[in-house]
Structures are given as C-alpha cells and as structure tokens.
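Enquirer: Positions 48 to 1326 (the working numbering) are the ones given, in order, by the sequence shown.
All residues carry an ideal CB built from backbone N, CA and C; glycine is no exception.
Please see the structure below; I have some questions.
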Amino acid sequence: MALSHNEKEVVLFNAFKNRLGTSQQTTMVFNLPALIQPIGNLSELEQPFSSREIDQIIACLPSNKSPGPDGFNIDFVKKYWPVIAPDFYDLFNKFFEGSLCMHSINGSYVTLIPKNGSPDSVGDYRPISLLNTSVKVLTKILANRLQLVITKLVHQNQYGFIKDRSIQDCLPWAFEYISLCHKSRKEMVILKLDFEKTFDKLEHAALLEILRHKGFGNKWIHWISMILGSGSSEVLLNGVPGKRFHCRRGVRQGDPLSPLLFVLAADLLQTIVNKACKGGILRLPLPNNCGPDFPIIQYVDDTILIMEACPRQLFFLKAMLNSFADSTGLHVNYHKSNIYPINVSDQKMEILANTFHCKIGSLSFTYLGLPLGIQRPKLGAFLPLIQKIEKRLASTSIFLSQAGRLEMVNAVFSSLPTYYMCTLKLPKMVIRHIDRLRRHCLWRELPPPGLILFGPITTVTLPSGKPVGSFWWRDVLKTLEPFKSIARVEIEDGKTTLLWHDNWDGIPKSTQYLELWSFSACKDITVLQARLVDSQELFHAPLSTEAFVQLQELNDCLDNLPHNNYKDKWCCSTPSGLFSSQKIYAHLMGNQWTHPIFSWLWKSKCQPKHKVFFWLLLKDRLNTRAFLRQRSMFLDSYSCDNCILQVEETTIHLFFRCNFAKRCWSLIGISPSHSADLLNTILRIRRRWQVPWKLEAIILLTWGIWKCRNNWVFNETPPTVEGCTDRLYLSYISAGKLSSDPFTSLMGSSSGHQRSKTRSRNRKPLGIQLLERVRGSPISFRSCQALVLVLTFLSYASYHATRKTTSVVKSVLDPKTKTNLGTSSAHYWPPSHLFYLHNLKDADNSSAGGSLSSGGGGGWVPFNEAEDGTALLGEIDLAFLGAYAAGMFFAGHLGDRVDLRVLLTVGMVGTGLFTAAFGAGYWLDVHSFYYFLAVQMVAGLFQSSGWPSVVAVVGNWFGKSKRGLIMGVWNAHTSVGNISGSLVAAAMLRYGWCWSFVVPGVVIALVGLAVFLLLPVAPDVIGVQEDLCLKDAPLLERRRADVEEKAVGFIEAWRIPGVAPFALCLFFCKLVAYTFLYWLPFYISHTAIGGEYLSDSAAGVLSTLFDVGGVVGGILAGHISDHLDARALTAASFTFSAIPALFFYRVYGNVSLAWNIALMFVTGMLVNGPYALITTAVSADLGTHSSLNGNSRALATVTAIIDGTGSIGAAVGPLLTGYISARSWSAVFTMLMASALVAGLLLSRLVAAEVVAKMESRRTPAPAASDLLPVSSSSMDEP
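Shown next as structure tokens:
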C-alpha cells in the first residue's frame, strides 16, 4: 500500500509507463488488402490549412477547459487571437509541410478521474490527457476534416463519436434485434465484450497500417504518425506533475482526434467478423433482412455481439478475437466479459461459457448505462437513477439557499433523467418519485419514502391482441400521433407516407377532403400506392358531386409530386423545418397564459435570491403571520409589528398598505393602490413608474422592507426608512447596477439628479488624483495651467501630425507626374549631409510601396493607374476635410454639453485608429478608392472633436491679458504637428508608406490616453483656486455655482457680432493654408529647384520650413494684435501681405534652394499668421462676448462655428488644387492669391471700425477699441 506522495507517484508512473509508454511490437496477422476495400477521394483531408478554417476552430472551441502544460486555455487564445494568430498560422504551415518539431509542444498532463465512488487502485481511474492549446487546435481541425468522410470508412453499427450518429440510435437497434431473436425461438447468445484499457493499448503501427489500407494518403498518415510518435505525458498527483514518459502506444483521451482514430481501428473487428460470415465460419443468427453486417454493436469500446448458441462458432470467434488482439493490441478481458442467453437452457449455457471463458449473465443487463433486455425494464432497473439523485440531494442541498436549491432542481435533478428519457419511457411511479425528490429539495419537505419495487409490467398489446415489435417500439408507436401533428413529409418516392393521414401538402387530406375520404375504400394507403392503383379501386362508387370535385383536386396534387427513388423526408412543421425543443414543447403543452410579471421577474438583472424572494411574494408563500396562521402555527399575535394599527400581517398589507411601507414607497414617488390583487398592484406600479431598472427597484425595495421587518421581529431592531433605502442601495451595488446615477434617479429629486449628472460629467482625472496622493497635497493653479498648456499642445500637435502624412505620401502613391516632368539629367536631392534622411533610391521607394522609376511604374492603385490620379488624391483630401468641417459644427455643440476630456480622448483614439487603417490598406493589399475615401471621412469626423475641445479647455484656464501672445505661442502646435508629421512620415517611407500612417496613429492614441488620465478641464472640476498673484481677469467669467448655465444654441451663436465675418475670412485663410499643408511636398517634389528634383522624403522634410514660418507668424500676429488691441486690422494686414509672398514664391522659388527656403518661410509666416490668430484669440474673444452675459457654455460652439466654416475652405482648396494642378501650377497660385484677397476684404468693415476707434481714442478718452469689435472686455461686462 502506497501512503506517501512519493510512493504514490512511483506507483502511478510505473502503471502508466507500462500501459502507455511500452509497446508490445505486435504483428498484423490479417491480410488487410483482402479485408479492407480502400475508399477513394480522401485527398480533401490533405488540403492546406486556411486561416479561415483555423479561426473557425478557435471560435467554436469551449473557453473553460483545463489548460495543458503550457498553462494557456482557449479563453486566453480567444482574447489575444489578433496578437498570436500569425504564430498559429505559421505553426500550421510547418505542420502541413511536415517540418514541425512536435516534441516540444506535444506534451500533456494526465489527470485521473475516478470510475467509482471508492477507487483503491490505478485501474479504478480514467486517465484524461490535458493537451497544450496548440496541439488541441491542430487535432480538432484534423478531427473536423475526418468527420466529413468517416461514415464512408466504418460500418453502420459504429456509433461512437461519429457526427449524425448518436447513442440513442444504438440502443433502439439493440432492443429491436434482441426482440426479433427472442421471437424467432432460436437458441442465441449475446456476448458483452470487455476490452482491456482499449484507448491506452492500441498499437500505433497497427493503426497506421489500417489507415493506409483504408485509403488515406501518405501526407495524412505522416501527420498522424507525427502526432502519435511525439507525444509525452506526466501524471498529475494532487496537482503536481510526475516524471515524464514517452507515449509509445495508445491514443490519449482528451484529444479531439483520438476517439475517431480508435473507431477506425476498432472497426477492423466488424470487418473480420463479416469476412468470417461470408466464408461460412460464422452464421447470421437471423436471415439477412436486418442489414449486410453481422450483428455487432460498437460504441467505442462498449461492444455487444449476437450469434447462434453454438460452441464451435464461439471457438472460432474467440480465435478471431485473439488474432485481433495480437494485431492491434486490443485484448479482451474474458473473465470480465459476459454471455447472456436467448432461448438457451442453463446446461448448454455452462458449456458455452466454458468455451468462451466468460461469466453467465441474465437478461436484462446494463449497456451504455441503460437496462437492455427483452421485456420492459422493471422498476429496479431505474434504481441507479434514483440513487444518483438522492445522493446529490443529501450531499449538497442542505447547504444551499432557496435560490441555490432552485438552481439545483433545474440544472441537476431535472436533467439527470434526460438520458433515460431519450430512449426509455419512465414508469409513472419513477416520475412521481423524482418529483417528490425535487419538491423536497426546493421546499425542504419530509424526504419521500423509498421506491416500492413491483414485478415485471405486463406487455402492452394492440387491439388485435398480438404484440408488435419490442416494448420500445410499442412505446414509440404511442407517440406517433403527437409526432405527426408536429411533423410534415417531403415526398420523394411516397413509400412511407400515408395518403390520408400524413401532412405532406400543408394539411392531412382526410381533413382537407373530408367528403372524398368518407368514400375511401382503403384508409391506410400510401402515396405511392395511390399513384399506381386506379382511382375506381380506391373509392366506393358512386361518388357524390362534391367528392368527385375533390378527387380531381387530389389527382392534380399527386401529379405535381416528384417521382424519384429517394426516401421520404420527415421534418418539423416549423418554417425552418428544424427541430426545436421549445417549439415542440409549446405545441404539445398548448398555450399556457402566465402573468407578465413572472416573465419580467426571471429576466430581471437581480440576484437569484432576490428573484426567488419576489416570486414567493407574488405567490403569497412568504412566512408572514397570516401565512403561518393558515399553516396552523400558533403565535402570540398575528398583527403587523411595523404599524400601530391592529391589522393582520398579510403580504398585501406588509408591503403596500402598512404605514412604514408607504413611507418607503414615497421615497421614489410611488403611492401603491389599495387593490386586493397583488399582481395587478405591482403591474400598475411598474407601468406608472418611468425610471431605469424599475422592476429591479421594486424587487429590491420589497426586499428591504422584508429585511427590516425580520430585523424588528427577530433582532428587535426598529425599522427605519433609511435602513430600507440603504439595503436598496447595497443591493443595487451587489447586482452590478449602480453607478450612482440610477440610484440618484430613484432616491432623489429631478434637480438633484441633474446636479449628479453634471458632477459625473466632469470628474477629477485619475492621474491628477494619483499625483496628489504621491505629493500629499493638491496641485497648484499654476501647475495646472502648465499641465493644460502642455497636454493641449501635444494633443493638437498630434492631430496635425496625422493630417500631414497624406501630403508626404502623395508623391509615393502617384509618382507618374514627376516622372513625366523629369528629364534624363535630373538628379534627386538632397545629399545626405544636408538632411538626416539619406537619399531614397528607386529600389528603396519601390520596396516602400510606391516606386519612382523613370519607366512610369510604381505608385499605388488606384492613384497611379487612372489618368486623373492626382484628382483622386484631391478627392481624398476633400473627403477628410468635408467630414471634418461637417463634424466641427456638431463637435462644438457637443463640447458644451459633455465632458471635454472624454470627448477629446475619444476623438484622438478614433483618429489614431482610422489613420492606421489607411496605412493598413498597404498590408491588406487594398486597391479600392472607396476604402481610402471612407477611412478618411471617418478620420475627419473624429478629428473634428479636437479643436473645439482644446480651445475651450485653454479658455477655462487663462485670463484675457496677453491672450493673443499666449495663444499665438500655444498655437505653434499646428506647425509643430505639421513639422513632426512631415519628418516622421518622410522617415517611415523607407520602410513602406503604410508606416507613415501607422506610427502617427499610434502616437495620437497614446497621447489621447495621457489626456484622459491627466487633463483637468476647468479649475472648479479639480477644486483648485487661482493664485492671488494672478492679476489677469479670467477668460471666462466665474458664475455663481447655483446658477444653471444653458448651452448656447447654434443659430444664437451665429448671431453674436463678428462671428460671421471672421468665420468667412477663415474660410479663405484655411483654403490657402491647407492647400499648402496637403500639396506643398507634392509641389516641391515635382518642381525642379536649381535644375534638380528632390526625393519624396526630402520634399517632405523641406516643406516643414513653411510650418516653421507659421510658428513665427502666429506668435507675431498675436503679439501685434495685443499691442494694437486690433484683431481685425492685424489679420487683414497679414492676409494682404501674403498675396505678393505667394507670387514671389511661385516665380522665384525654383531659382535655387536658398531662395526657395527664404520665400517658403516668409509665405508660411504671412499665411499662417491670420489663420492662427482667428482660430485662437479671436475665437476665444467671440466665445466670451459681452452679449453672452458671462455664459461659459458658448466657447466650444463659437470655436466650432468659426473653425468649422474655415474647414470647409480647407476642404475646397486641396480639392480644387487636385484638378487645377493637372493643368498648371500657376493657376493654383492664382487661386490662392485671389483667396487671400477675398479674406482681407471680408474684414474691411471691422478694420474700418478699429481704425476709427483708434483715431477717436487719441482725441478723447474712450473705451478700448476692442469693445467696438465683437470682442468682450472684462471692464465693460455687466454684472
């Protein structure tokens, strides 16, 4: 006896080493070519593994199975499949090629499952192998492929693990065949064979040889050989793996492929016996009318064989079984096998048992867990089922709550009899006993008495007095009519379909043609017979007029039926024709109306204990005092303890009429009616109460009332309304419902709920909370200002970095224009010593996804194939900017109503996702123009959330003093983003143009997460106070906390003085700026500078100087506007000055590199200066205009209107450039100069007003000129 862990480990290792790790080197003694007929067309098993096939297997595998030695279960694989899928695909490719080394992954843990209640030896445990996930997926795919052809490879009497064959098919066949043998009066025997450790002792060589002769190809056999030959196992003992051993025989239980391989090997026994029968060695027990095979039933290793009671045949059979064991390793335990007599005397049975060396049994016996015999099973045959239920009831139900017991009844006690009921009709006494056990589990009643056993039940006979078939078939015939009422027939040959009684045309003809059916001479004729027999022989003549008309209709129906040799098909009468237990149950049970409250109850999100409690309440089964009186229980008083009225404590009183209950219901604004009907009372409450989770709140409130009542009765704790609501609150949390908002809506007033929503909309960021905990003190106001500047700067710089990538990649997507303009003497610029990027050669660009070859090749379809490829690029820009402009108006409207931090985070993460999706088109080999168009449109929508959000946040933190300068410096994020985007995109081109999109997309998503964790939206959100040294007036006027601000409407914002002129001016300013943003690298790379052409990456780097000038221009414009206090004058001056700068850049920019750099810098400064000024300081001024009376919820809307209108121009400019540039770049610059002129003229009225104000201010003291403009001044705002 092994006692210690080490001793047990040694015993287990030796046992499984001998069982699985030692091969007997058997030799095949049968002539397999003569026995097995190979099956053709098995090459489909050896097809390459597709990614779709692998993905489907991963999706269908259960997630909760135990892992193997690698520790990863299927749930892990499913969650991280996008990451690890390429590794799996590579593994399958290597396995297909036969180059995979499986020894490193084909290990397994053997866990031991007891076969009985008191195992005391190794043989009493069933070894289940826990495989690595990779091997399990691999074998599952092979098993699925094998399932498609296995029915061609094995005999009909093989039922185990084969799709479309079930254990319920196996047992009925056995019942019927045994019944026929018994009625034949011949002497026969049933052999129940017990194979010794069948899964563990199957020899690999024998299995592979059988597969080869069945017609499997060399590749498939090599795959199976790899799996079998590389397996190793370790036995788990108390969770600790033992020594490893190599599996040299057997198939591992737990492997999806193993059962099918065993079935293929075990099917050899049926083949051998069939051959012996054909050779006259064995004889069929019955005439050959039950199929071509010898009567063997095999469900994996559970085998029964029916044969004549002849010692000679038993001797031959035993010899064949021994040869079968010598060939395959599957030995029969004769001393555990049994022989059962059919019409055989006891004396002869002794001779037969001695010949076969087995035990004698009696009918009935257990096969596959069910009683198998000639007669209907006695009640004692069902004792294992009763004992199993009683064992579960005694061991677990006493420790469960009522909700747990309900789950036990439904999930265990109601499902255990299912296996029996699928094959056998349970006696009524057994059903009643099981129901008593279920009631005892749920209601804790007295245990039912033991099952009374009677003698055999008499055989059921038909009215003729003669039994038909086995008892099983007679039970099936009793269900024939209910079955036909829910089934219909699809006519094929018509042999099995009754003309009058079966539903083969929508309705039985005996019902449809009632008059004709009354004249029928044969009521049970089939459809085939009706076709072949003359109509005069089918009916009693003469027919009535109505019957004759019906006969003609019937003949028409029969003529329209198909005529073929296939069997009739029976299917469910449901529209899909598929079997549904729910629909069949509803059909058989009929319509049973239930109150809707019960349906809502069981679908609610409450905990099971709450559901059961409320169900008891609805059924009036709670232990109230009135209910206890009904059960004859004596109490001192039956009155309600929660109120002073001497009223009997009934369910309706306790929960709805008691004063305490009324106070609890009043908290949520409900006054229960005085109806005596409990169900209708709750139904009216649910219908009148329009709040989220209303039924859950009703359930939990009644639960709180009940718990308060019990505390008062048993613990003498006085009930309080607060205690009841606290229980409701905790129950909501435990049910996973609460968020404080729904609870506030239940417990508080509407105004309190609104304040709660406002607070929840603007919470202190998690990163700020962490920093304050680490510091031990709150963050100062100035630190918050610095943090806001840095985060908003980085966020919008990342926005522009993602926009810039398209302009850099354009010349890679459509390189043909440059090659057409180039000459044979053109050289690519620059030298490597001028820029950090090395010169990209043609081969490098070709590998990057778009070559610049002089042969006209390269680029990316569709941008390089169509003649208007440049125009397509313009349409891409239009799609992005059009969506950006449209979304801008909605984003601003939304920004004044939701948490700006969340809105900004969602916009940045979404932008990163769809920017990367544009680049993913390279890897996915997408050449659809509409894919890129759609991706850019969605990216534009996400980008529209950026500008209104960052401007509103900055406006919440900074005062009005030096607003132009501060925002001018801060607005450098636009140019910094453009520069960084150009540099990154240009640097990534050497690896592929896709990386020019993916890297900025990842960066903006990471910055978005930082914004979500750290960005404080406003000072009052995180509770900081302005420093006393800050003398600046706040940019947004602080309002009283108790004043509810209403967001400004879209039309109302347009009516603010000055919004329309500046918005239209920005339309043309952004038209110019964004044309440079999207087309400048393209223009540079397609223009000879000093007689030389620049490479794509060099052009992208050089274009950043335009943005460097934009940084200077934005700061300079802000500083000048602050000094002059004249926003319109400054913007107009820059706009008009940009006209000559554009002209000179077009004319003299190609003279030399130095001229190009200088003119590009000046042009960028004059073009981006007014653009930056209007989108920052002017937008902030207008968003806080004095006409708004200090309303802070207008800044995002005004900013969105101005920048959204400008974005429309930003969309139009690149689009027009795409079409105009195909003709002449001079025409493009003409359009840009005209746009700059119009932009300046739109501000003329505001410029005149500012000039007049300046002149008057010199003569007399007057308010600041900015007050004459649509700009607010803190000194002029009314209190």
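If distances are taken between C-alpha atoms only, which option among 227, 434 and 1109 comes closest to residue 1247?
Expert: Position 1200 of the sequence shown, counted from the first residue, corresponds to residue 1247. When each option's Cα is compared against that of residue 1247, the closest is 1109.
Enquirer: Determine, using beta carbons only, whether residue 1253 and residue 1116 come nearer to each other than 8 Å.
Expert: Position 1206 of the sequence shown, counting from 1, holds the residue named residue 1253. Position 1069 of the sequence shown, counting from 1, holds the residue named residue 1116. A contact, by the Cβ cut-off of 8 Å.
Enquirer: Give the straight-line distance between the Cα atoms of residue 311 and residue 245, rounded to the nearest whole angstrom.
Expert: On the sequence shown, position 264 is the one that residue 311 refers to. On the sequence shown, position 198 is the one that residue 245 refers to. The straight-line gap from Cα to Cα measures roughly 13 Å.
Enquirer: Within 8 Å, do at least three Cβ pairs link the region 196–211 to the region 273–283?
Expert: no
Enquirer: Tell me, please, which residues DSSP counts as bridged to residue 573.
Expert: Your numbering for residue 573 matches position 526 in the sequence shown. Per DSSP, 545.
Enquirer: What do you reckon, are the CB atoms on residue 316 and residue 169 nearer than 8 Å?
Expert: Position 269 of the sequence shown holds residue 316. Position 122 of the sequence shown holds residue 169. Cβ distance not < 8 Å, so residue 316 and residue 169 don't count as in contact.
Enquirer: Does DSSP put residue 306 in a helix, a strand or coil?
Expert: For this step, residue 306 is matched to residue 259 along the sequence shown. DSSP places residue 306 in helix when its eight states are reduced to three.
Enquirer: When you compare the CB positions of residue 995 and residue 932, do they come within less than 8 Å of one another, or not?
Expert: By 1-based counting over the sequence shown, the position of residue 995 is 948. By 1-based counting over the sequence shown, the position of residue 932 is 885. Their beta carbons are not under 8 Å apart, which means residue 995 does not touch residue 932 by this criterion.
Enquirer: For the alpha helix (DSSP H) that residue 291 lies in, which residues bound it at each end?
Expert: Counting from 1 along the sequence shown, the entry for residue 291 is found at position 244. That residue, residue 291, is in no alpha helix (DSSP H); its beta strand (DSSP E) goes 287–293.
Enquirer: Near residue 108, what residues of its chain come up, given a Cβ to Cβ distance below 6 Å and the 5 sequence neighbours on each side ignored?
Expert: The sequence position of residue 108 within the sequence shown is 61, counting from 1. Cβ neighbours of residue 108 beyond the five flanking positions: 121.
Enquirer: Under the assumption that residue 1059 contacts residue 952 (Cβ atoms under 8 Å), give the Cβ distance between them as a whole number of angstroms.
Expert: Counting from one through the sequence shown, the residue named residue 1059 turns up at place 1012. Counting from one through the sequence shown, the residue named residue 952 turns up at place 905. At roughly 4 Å, the Cβ-Cβ gap stays under 8 Å, so residue 1059 and residue 952 are in contact.
Enquirer: Compute the distance between the beta-carbons of residue 69 and residue 295, then report whether it is under 8 Å.
Expert: Along the sequence shown, read from residue 1 onward, the residue named residue 69 stands at position 22. Along the sequence shown, read from residue 1 onward, the residue named residue 295 stands at position 248. The answer is yes: Cβ separation under 8 Å.
Enquirer: Just checking my contact of residue 1061 with residue 987 at CB under 8 Å: how many whole Å lie between their CB atoms?
Expert: To locate residue 1061, count along the sequence shown from 1; it is residue 1014. To locate residue 987, count along the sequence shown from 1; it is residue 940. Not confirmed; about 26 Å, so no contact.
Enquirer: Given 8 Å as the limit, is there contact between the region 1194–1211 and the region 1138–1158, that is, 3 or more CB pairs closer than that?
Expert: yes
Enquirer: The beta strand (DSSP E) with residue 428 in it runs from where to where?
Expert: As a first step, residue 428 must be located in the sequence shown, where it is residue number 381. Here residue 428 belongs to no beta strand (DSSP E), and DSSP marks it neither H nor E.
Enquirer: With H, G and I counted as helix, E and B as strand and the rest as coil, what does DSSP make of residue 1119?
Expert: Here residue 1119 refers to the residue found at position 1072 of the sequence shown. DSSP places residue 1119 in helix when its eight states are reduced to three.
Enquirer: Taking the beta strand (DSSP E) that residue 534 belongs to, which residues open and close that run?
Expert: Position 487 of the sequence shown, counting from 1, holds the residue named residue 534. Run containing residue 534: 534–537, per the beta strand (DSSP E) assignment.
Enquirer: Let me make sure I understand the geometry here. Which of 1021, 247 and 765 has the alpha-carbon closest to that of residue 62?
Expert: As a position in the sequence shown, residue 62 is number 15, starting the count at 1. Nearest C-alpha to residue 62: 247.
Enquirer: Return the bridge partner residues of residue 154 from the DSSP annotation.
Expert: Taking the first residue of the sequence shown as position 1, residue 154 is located at position 107. Checking the DSSP bridge columns, you'll see residue 154 partnered with 279.
Enquirer: What is the DSSP secondary structure of residue 241, reduced to helix, strand or coil?
Expert: Here residue 241 is taken as the residue at index 194 of the sequence shown, counted from 1. Reduced to three states, the DSSP call for residue 241 is strand.
Enquirer: Which residue comes first and which comes last in the beta strand (DSSP E) that contains residue 176?
Expert: The residue you call residue 176 lines up with position 129 of the sequence shown. Counting along the chain, the beta strand (DSSP E) containing residue 176 begins and ends at 172–178.
Enquirer: Less than 8 Å between the beta carbons of residue 437 and residue 489, yes or no?
Expert: Within the sequence shown, numbered from 1, the residue matching residue 437 stands at position 390. Within the sequence shown, numbered from 1, the residue matching residue 489 stands at position 442. In this structure, residue 489 does not lie closer than 8 Å to residue 437 by Cβ.
Enquirer: Can you give the Cα-Cα distance for residue 1262 and residue 1119, rounded to whole angstroms?
Expert: The residue you call residue 1262 lines up with position 1215 of the sequence shown. The residue you call residue 1119 lines up with position 1072 of the sequence shown. It is roughly 12 Å from the alpha-carbon of residue 1262 to the alpha-carbon of residue 1119.
Enquirer: Considering only DSSP beta bridges, list what residue 617 is partnered with.
Expert: As a working mapping, residue 617 is identified with position 570 in the sequence shown. Answer is 536.
Enquirer: Since residue 197 and residue 104 are thought to touch, with beta carbons under 8 Å apart, how far apart are those beta carbons, to the nearest angstrom?
Expert: Residue numbering aside, residue 197 sits at position 150 when the sequence shown is read from its first letter. Residue numbering aside, residue 104 sits at position 57 when the sequence shown is read from its first letter. The C-beta separation of residue 197 from residue 104 comes to about 18 Å, leaving the pair out of contact by the 8 Å criterion.
Enquirer: Less than 7 Å between C-beta atoms, sequence neighbours within five positions excluded: which residues of the same chain meet that for residue 671?
Expert: The count along the sequence shown starts at 1 and reaches residue 671 at position 624. Result list for residue 671: 696, 697, 698 and 701, in chain order.
Enquirer: Rounded to whole angstroms, what is the Cα-Cα separation between residue 1276 and residue 1193?
Expert: Counting from 1 along the sequence shown, the entry for residue 1276 is found at position 1229. Counting from 1 along the sequence shown, the entry for residue 1193 is found at position 1146. Spanning the two alpha carbons is a distance of roughly 7 Å.
Enquirer: Tell me the DSSP secondary structure of residue 296 in three-state form.
Expert: Locating residue 296 in the sequence shown gives position 249, counting from the first residue. Residue 296 sits in a strand when the DSSP states are folded into three classes.
Enquirer: May I have the straight-line CA-CA distance separating residue 1082 from residue 713, to the nearest angstrom?
Expert: Position 1035 of the sequence shown, counted from the first residue, corresponds to residue 1082. Position 666 of the sequence shown, counted from the first residue, corresponds to residue 713. Residue confidence is low: residue 1082 scores 41 on pLDDT, short of 50, so the model does not pin down where it sits. Its coordinate-derived value is still stated next. Residue 1082 and residue 713: Cα-Cα distance of roughly 46 Å.
Enquirer: Would you identify the three-state DSSP class for residue 586, choosing helix, strand or coil?
Expert: Walking along the sequence shown from the start, residue 586 turns up at place 539. It is a strand residue.
Enquirer: Answer yes if the region 841–859 comes into contact with the region 1045–1057, meaning at least three C-beta pairs across the two stretches below 8 Å, and no otherwise.
Expert: yes
Enquirer: Report yes if the CB atom of residue 1039 is closer than 8 Å to the CB atom of residue 849, and no otherwise.
Expert: To locate residue 1039, count along the sequence shown from 1; it is residue 992. To locate residue 849, count along the sequence shown from 1; it is residue 802. No, the pair does not count as a contact, with Cβ atoms beyond the cut-off.
Enquirer: Give the C-beta separation of residue 279 and residue 153 to the nearest angstrom, bearing in mind that I take them to be a contact with Cβ-Cβ under 8 Å.
Expert: Here residue 279 refers to the residue found at position 232 of the sequence shown. Here residue 153 refers to the residue found at position 106 of the sequence shown. The beta-carbon distance between residue 279 and residue 153, rounded to whole angstroms, is 7 Å. This is short enough to meet the 8 Å contact definition.
Enquirer: For residue 500, collect the residues of the same chain with a Cβ closer than 6 Å to its Cβ; drop the 5 residues on either side in sequence, then sort them by chain order.
Expert: Position 453 of the sequence shown, counted from the start, is the residue given in the question as residue 500. Since pLDDT at residue 500 reaches only 39, below the 50 mark, its modelled position is unreliable, and the value read off the structure follows with that caveat. The residues are 426 and 427.
Enquirer: Name the two residues that bound the continuous alpha helix (DSSP H) containing residue 385.
Expert: In the sequence shown, counting from the first residue as 1, residue 385 sits at position 338. Taken as a continuous stretch (DSSP letters only), residue 385 belongs to no alpha helix (DSSP H), being part of the beta strand (DSSP E) at 385–389.
Enquirer: Using three-state DSSP, classify residue 1125 as helix, strand or coil.
Expert: Along the sequence shown, read from residue 1 onward, the residue named residue 1125 stands at position 1078. Of the three classes helix, strand and coil, the one that applies to residue 1125 here is helix, per DSSP.
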